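Asker: Using the numbering used here, you'd call the opening residue of the first sequence number 251 and step up by one each time.
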Amino acid sequence: MLKKTPSGAPSTDEEVLDRLALDYPLPRLILDYRGLAKLKGTYTDKLPRMVDAKTGRVHTRYLQATAVTGRLASSDPNLQNIPVRTAEGRRIRACFVAPPGHALVSADYSQIELRIMAHLSRDAGLARAFAAGEDIHRATAAEVFGVEPAAVTAEQRRYAKVINFGLIYGMSAFGLARELGIERAAAQGFIDRYFARYPGVARFMEETRETARERGYVETLFGRRMWATDIRSGNAARRAGAERAAINAPMQGSAADLIKRAMIALARWLDEERLAAKLILQVHDELVLEVPERELERVRGRLPELMCGAAELAVPLVADVGVGANWDEAH
DNA sequence: TTTAATGGCGCG
DNA sequence: AAAGCGCGCCATTAAA
Numbered sequence: 251m252l253k254k255t256p257s258g259a260p261s262t263d264e265e266v267l268d269r270l271a272l273d274y275p276l277p278r279l280i281l282d283y284r285g286l287a288k289l290k291g292t293y294t295d296k297l298p299r300m301v302d303a304k305t306g307r308v309h310t311r312y313l314q315a316t317a318v319t320g321r322l323a324s325s326d327p328n329l330q331n332i333p334v335r336t337a338e339g340r341r342i343r344a345c346f347v348a349p350p351g352h353a354l355v356s357a358d359y360s361q362i363e364l365r366i367m368a369h370l371s372r373d374a375g376l377a378r379a380f381a382a383g384e385d386i387h388r389a390t391a392a393e394v395f396g397v398e399p400a401a402v403t404a405e406q407r408r409y410a411k412v413i414n415f416g417l418i419y420g421m422s423a424f425g426l427a428r429e430l431g432i433e434r435a436a437a438q439g440f441i442d443r444y445f446a447r448y449p450g451v452a453r454f455m456e457e458t459r460e461t462a463r464e465r466g467y468v469e470t471l472f473g474r475r476m477w478a479t480d481i482r483s484g485n486a487a488r489r490a491g492a493e494r495a496a497i498n499a500p501m502q503g504s505a506a507d508l509i510k511r512a513m514i515a516l517a518r519w520l521d522e523e524r525l526a527a528k529l530i531l532q533v534h535d536e537l538v539l540e541v542p543e544r545e546l547e548r549v550r551g552r553l554p555e556l557m558c559g560a561a562e563l564a565v566p567l568v569a570d571v572g573v574g575a576n577w578d579e580a581h
């Protein structure tokens, strides 16, 4: 048995079956089946049944007071988890199409949570890398491995990417080791080197833990509070979980604030300019609009500017924009 | 038929 | 003792 579920039963999740697939043929078949069954059961079978008879469209609900970090949540159906990571999944995404005479325009923030971390921590090295427009995972790899950015290998960049994401989530050396398939001591070494190179980030992490412990809450960029329940729990595991949530909350929560400001700015602009383009989806760091052909160039130009102008941070904001006949093409 | 718990997995 | 944040929804199982 490689892993247990919270209730103590043997786990058969993807991580476990992936490892078993190295020694046996069956686990891979189960994983393939599960992947296809997920797509069929959640999307292919369900979404066509949810088309509204009046409009001929699928309409999601956006829950504004559900996620503790201030994100929106989408339900009935959830349109914030439409597949994108596999070729089969993207065929489902491609089913979201613009009407005749229109196109879909999608814009998403680049590395928004890491940029917010750079802003909140005021770390000089991280801010410099973003200001220079560097590939942030490559830049991190160069720092951690002590080589020139141009000399970073694909594996070193992959390691740095896992480290960068792990930081946002409060990952430990244990988790990093498991994710990278390396010894825990080696993982701890990478973390130590990261914090030595980005001392502002180390300070920010520690200050966030202290703030959560002393005040019982942490705040976003715009002062919205998120309560850190369990932060003083006598149960060490609960306390550690609360600390990870408190580390993540300012970044995820500030990103949520930013895109909401962008949505408000967008609504005002569309109104002022008398444009027929419509905002139809928000997916945490992405906005999707349905745009008449004649408005395409204006929207494509202005949308990323509005998103990047949602706040003045210590680092530049970047939004990538795409256009297409369907959501997969636009993404 | 509905509700709840569980394990799992789609997304950012 | 656990080990990576935030969601919603699926199938399965058991019980109301």
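Ideal Cβ placement from N, Cα and C applies to all residues, glycine included.
Note that the structure is a prediction, hence the values are computed from the model and not measured.
#1: Are L270 and P277 touching if we call contact CB-CB under 7 Å?
#2: Can you tell me where the alpha helix (DSSP H) holding H369 begins and where it ends?
#3: Tell me, please, which residues DSSP counts as bridged to R284.
#4: When burial is assigned at 16 or more other CB atoms within 10 Å of the CB, is Y312 buried or exposed?
#5: Are there 16 or more other CB atoms within 10 angstroms of the CB of L417, so buried, or fewer, so exposed?
#6: On the CB-based measure, 16 or more other CB atoms within 10 Å of its CB, does D282 come out buried or exposed?
#7: Mind checking whether P399 and R388 have CB atoms under 7 Å apart?
#8: Does the Cβ of D578 have 16 or more other Cβ atoms within 10 Å, making it buried, or fewer, making it exposed?
#9: Quick one: grab the DSSP three-state call for P277.
#10: So what's P260 in DSSP terms, helix, strand or just coil?
#11: Might you give, ordered along the chain, the residues of its own chain that have their beta carbon closer than 8 Å to the beta carbon of I413, omitting 5 neighbours on each side?
#12: Using 7 Å as the threshold, is the C-beta distance between V565 and A368 below it?
#13: Start and end of the beta strand (DSSP E) containing G411?
#14: On the CB-based measure, 16 or more other CB atoms within 10 Å of its CB, does T458 come out buried or exposed?
#15: Report the partner residues of D570 according to the DSSP bridge assignment.
#16: Rounded to whole angstroms, how far is the Cβ of H534 from the Cβ of Q330, which I believe are closer than 8 Å?
#17: Please classify A630: does DSSP put it in a helix, a strand, or coil?
Answerer: The answer reads as follows:
#1: Along the first sequence, read from residue 1 onward, the residue named residue 270 stands at position 20. Along the first sequence, read from residue 1 onward, the residue named residue 277 stands at position 27. Taking 7 Å as the Cβ cut-off, L270 and P277 qualify as a contacting pair.
#2: Numbered from its first residue, the first sequence carries residue 369 at position 119. Counting along the chain, the alpha helix (DSSP H) containing H369 begins and ends at 362-371.
#3: For this step, residue 284 is matched to residue 34 along the first sequence. R284 pairs with nothing; no bridge assigned.
#4: Reading the first sequence from its first residue, position 62 is the one you call residue 312. Y312 is exposed by the Cβ-count criterion.
#5: Locating residue 417 in the first sequence gives position 167, counting from the first residue. Buried is the call here.
#6: In the first sequence, the residue the question calls residue 282 occupies position 32. Counting Cβ neighbours within 10 Å, D282 comes out exposed, since fewer than 16 surround it.
#7: Along the first sequence, one-based indexing puts residue 399 at 149. Along the first sequence, one-based indexing puts residue 388 at 138. Yes, they are a contact pair.
#8: Within the first sequence, residue 578 is the residue found at index 328, counting from 1. Looking at its Cβ environment, which holds 16 or more other Cβ atoms inside 10 Å, D578 is buried.
#9: Taking the first residue of the first sequence as 1, we reach residue 277 at position 27. DSSP places P277 in helix when its eight states are reduced to three.
#10: For the purposes of this step, residue 260 is taken as residue 10 along the first sequence, with counting starting at 1. Strand.
#11: If you number the first sequence from 1, residue 413 lands on position 163. T390, V394, L426, F440, I441, Y444.
#12: Position 315 of the first sequence holds residue 565. Position 118 of the first sequence holds residue 368. Cβ atoms of V565 and A368: closer than 7 Å.
#13: Residue numbering aside, residue 411 sits at position 161 when the first sequence is read from its first letter. The residue you asked about is not Gly; residue 411 is Lys in the sequence shown. Counting along the chain, K411 falls outside any beta strand (DSSP E), though it belongs to the alpha helix (DSSP H) covering 404-419.
#14: For this step, residue 458 is matched to residue 208 along the first sequence. T458 is buried by the Cβ-count criterion.
#15: Working through the first sequence from its first residue, we reach residue 570 at position 320. In the DSSP output, where bridge partners are listed per residue, D570 has D358.
#16: Mapped onto the first sequence, residue 534 falls at position 284. Mapped onto the first sequence, residue 330 falls at position 80. Right, the Cβ-Cβ distance comes to about 7 Å (below 8 Å), so this counts as a contact.
#17: This structure does not reach residue 630, given that the chain is present from 251 up to 581, and the question cannot be answered.
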